[in-house]
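Mapping to this note's numbering: the sequence shown position 332 is 332, numbers consecutive. C-beta: ideal position from N, C-alpha, C; glycine also. Everything on this sheet refers to the single structure shown next.
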Amino acid sequence: MEVFRKNPFKPNVIENNPTAFGLRTKEIIFSITSLLNDNSIFITGARGIGKSSLGLQLQKVLSGDNTLLKRCNMDDSYSDALCIYYACAEETTLEELCLDILYELEQEIMLLPKVKFNKLKPVLELNFGIIKAKFETEIESNKRSPSSIANRFVNGLRAIYNEALALGVFTGINIMIDEVDQLPKKINFGHFIKIIHETLNNRGCDKLTFLFAGQLGSYTRFNKEDPSFERIVKCVPLDRLSWEASNYILDYASATSNPRFQIDEDAKNLVLSLSSGYPYIVHLIGDSCFNELMNSYVITKSIVLTALEVILLTDKREKFTEKLRELEDLERDLIFYMASQPVEILPAEIPYEWIYDKVTDNLEVKKQLDSLLNSLISQGYLYSIKNKAVYIFSEELFRIFVSYIKIELSITKTARREFSDKSLDVNLIKERTEKDEKYNEMEIAGELINSMDANFISPEERKQLFNEYISSKIPSNYSNAWEEDNFKEKK
Ligand SMILES: Nc1ncnc2c1ncn2[C@@H]1O[C@H](COP(=O)(O)OP(=O)(O)OP(=O)(O)O)[C@@H](O)[C@H]1O
Ligand SMILES: [Mg+2]
């Protein structure tokens with residue numbers, strides 16, 4: 001009989017299990033201390049770095065689960081807050097945001113344990129439904145100003161807050177607003193939050209905190225919208241996860257999967273250096289390895305390399321091609337050049353002197369190069385260590401993709417088409433790939449008359465090319481270069 005295989009990796013799911021979470025002790029202690037002192041916080045960081053996961057972990061602590069605190073050697077928090085989660089979208093309006101949060105609040109209250117719910121029920125019937133309905137009709141019938149929406153929103157929140165705290169149903173409320181970078185620019189969210197904060201404080205609702213999360217740059221945006229934002233909301237910048245914490249994700253996964261699997265030391269080092277501190281990539285590669293395991297129970301280096309092939313040739317191909325297309329021509333040339341440098345360590349470390357030829361020593365060229373490098377850093381493609389003497393790709397998988405695709409480009413039409421036409425949409429690429437595949441079949445069947453167009457590469461050939469690339473270009477020395485320079489040690 002087939003056993004049910006439990007895949008412990010979750011590349012697309014927020015990590016809300018405090019035992020599985022790769023620790024970020026410093027950020028957890030800072031955040032939880034701020035929240036328990038009634039301050040709101042703002043988690044910022046690159047895509048997939050773990051903002052939403054950290055936010056939900058903190059909410060777990062606020063609602064009384066002390067597992068994470070114990071793991072960080074912190075005392076129990078004795079907090080029993082009601083926590084709500086809300087994710088913004090591009091089309092979210094302030095009215096919707098407020099209404100949805102009030103709705104979520106109502107839903108969470110409905111789900112409270114019976115003892116708590118019964119305490120609150122009489123108040124709820126009298127107040128909450130009415131307040132929410134009133135809020136709804138008021139803002140629907142009349143376009144309100146942000147401050148008027150804020151006032152009404154706070155009234156809605158207070159209705160439940162005061163009673164619930166007085167009755168001891170919970171000790172506070174925490175509202176997580178995720179993906180705030182999605183909010184349209186025309187909403188002056190920074191200012192809106194300031195009004196909410198002040199109105200809540202004026203009415204004595206200091207046990208109501210917010211937990212915001214958004215991409216790099218969004219905290220700055222809200223500060224620009226209202227300079228008081230910085231004072232009201234503390235920033236928690238999320239950097240890459242340490243080698244040790246990323247390793248924990250793998251260890252935890254191997255201990256909780258069914259059937260259990262082991263990871264060879266070499267395979268582990270490869271996964272960790274490829275993921276360069278992005279927990280998302282640890283899950284992505286882990287997931288792909290688990291799917292390759294079949295009847296074996298050991299993840300070897302060769303399984304990791306097969307997983308890499310699946311990821312780069314299928315899952316990520318489109319996204320990374322798009323990432324290349326988004327660059328200016330000169331930036332793209334530089335990325336191609338840097339990605340294809342021969343490397344001895346993973347993630348690849350590219351010294352400045354490999355890019356800038358000191359012998360030529362042309363100040364103009366140097367200026368242009370520095371500005372390109374700075375632009376690539378600010379767009380999140382690269383980061384530098386050793387005082388800008390060495391450059392590293394933020395996503396090592398992207399670097400490997402770029403250096404591989406450069407080889408493919410030199411021999412295939414499909415890759416050139418995918419890449420060069422800036423206006424190309426996904427359907428067109430699909431259509432063209434199908435066309436290439438048709439040519440392939442025709443050639444095999446001997447039906448091809450005009451071979452001009454048939455400069456394609458079949459999926460099989462692509463795999464072969466990729467394997468040749470991997471066996472000659474992937475080094476077996478690994479480093480945790482993304483961790484602070486000072487702590488750097490070669491693995
Ligand atoms: N500390 C961690 N330990 C274990 N897994 C984590 C950790 N942080 C994040 N993850 C995993 O990494 C992936 C990305 O995490 P998450 O969705 O929280 O990132 P994000 O920064 O919110 O991403 P986005 O910018 O896309 O919203 C998820 O699969 C999640 O399970
Ligand atoms: Mg997120």
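Residue j beta carbon less than 7 Å from that of residue i
i: S77; j: V61; result: yes
i: V310; j: I43; result: no
i: E225; j: N202; result: no
i: I92; j: L200; result: Checking the sequence shown, residue 92 turns out to be Thr, not Ile. Not closer than 7 Å, so no.
i: S246; j: L272; result: yes
i: L241; j: G277; result: yes
i: Y86; j: I149; result: no
i: I193; j: I84; result: no
i: S53; j: E15; result: yes
i: I392; j: E349; result: yes
i: R158; j: C205; result: yes
i: F398; j: F320; result: yes
i: E395; j: L274; result: no
i: I19; j: S79; result: The question names Ile, but residue 19 is Thr in the sequence shown. No, the Cβ-Cβ distance between T19 and S79 is not below 7 Å.
i: L270; j: V298; result: no
i: I49; j: L238; result: yes
Span separating the alpha-carbon of residue i from that of residue j
i: N307; j: K301; result: It should be noted that the sequence gives Ala, not Asn, for residue 307. A307 and K301: Cα-Cα distance of roughly 10 Å.
i: S375; j: I249; result: 33 Å
i: D453; j: L409; result: Because D453 carries a pLDDT of 49, less than 50, the predicted location of this residue cannot be relied on, and the following value inherits that uncertainty. Rounded to the nearest angstrom, the two C-alpha atoms are 15 Å apart.
i: K28; j: N17; result: Here residue 28 is Ile; the residue named in the question, Lys, does not match the sequence. About 15 Å.
i: A267; j: A166; result: 55 Å
i: E318; j: F210; result: 36 Å
i: Q59; j: V123; result: 25 Å
i: R332; j: A389; result: 21 Å
i: Q341; j: V180; result: 38 Å
i: L82; j: P11; result: 28 Å
i: Y337; j: L382; result: 13 Å
i: E322; j: I400; result: 15 Å
i: T67; j: Y219; result: 29 Å
i: A164; j: S63; result: 15 Å
i: I385; j: S378; result: 15 Å
i: S147; j: L102; result: 17 Å
i: L56; j: I355; result: 42 Å
i: S451; j: S458; result: In this prediction, S451 scores a pLDDT of 48, lower than 50, which makes its location untrustworthy; no coordinate-derived value is stated.
i: A255; j: L111; result: 33 Å
Contact test: residue i Cβ vs ligand 1 heavy atom, cutoff 6 Å
i: F320; result: no
i: P8; result: no
i: H191; result: no
i: E326; result: no
i: I281; result: no
i: F21; result: yes
i: I14; result: yes
i: I29; result: no
i: P18; result: no
i: P11; result: yes
i: R47; result: yes
i: I249; result: yes
Proximity test, residue i beta-carbon vs ligand 2 heavy atom, cut-off 6 Å
i: S218; result: no
i: S52; result: yes
Unbroken alpha helix (DSSP H) run spanning residue i, endpoints
i: F393; result: Looking at the DSSP string, F393 is not in any alpha helix (DSSP H); the run it does join, the beta strand (DSSP E), is 390 to 393.
i: I101; result: 94 to 110
i: I470; result: 459 to 473
i: L54; result: 51 to 62
i: M338; result: 329 to 339
i: F153; result: 146 to 166
i: C289; result: 279 to 292
i: V304; result: 301 to 310
i: S275; result: 265 to 275
i: E225; result: 218 to 225
Residue range of the unbroken beta strand (DSSP E) whose run includes residue i
i: P237; result: 233 to 237
i: M74; result: Neither: M74 is in no beta strand (DSSP E) and is coded neither H nor E.
i: Q379; result: Careful: Q379 lies outside any beta strand (DSSP E) and carries neither H nor E.
i: N174; result: 173 to 178
i: A213; result: 208 to 215
i: I43; result: 40 to 45
i: I84; result: 82 to 87
Residue i: CB within 6 Å of a non-hydrogen atom of ligand 3
i: I470; result: No copy of ligand 3 occurs in the structure displayed; its ligands are ligand 1 and ligand 2 alone.
### Query
Taking three-plus beta-carbon pairs below 8 Å as touching, is the segment 356 to 368 in contact with the segment 280 to 300?
Verdict: no, contact absent.
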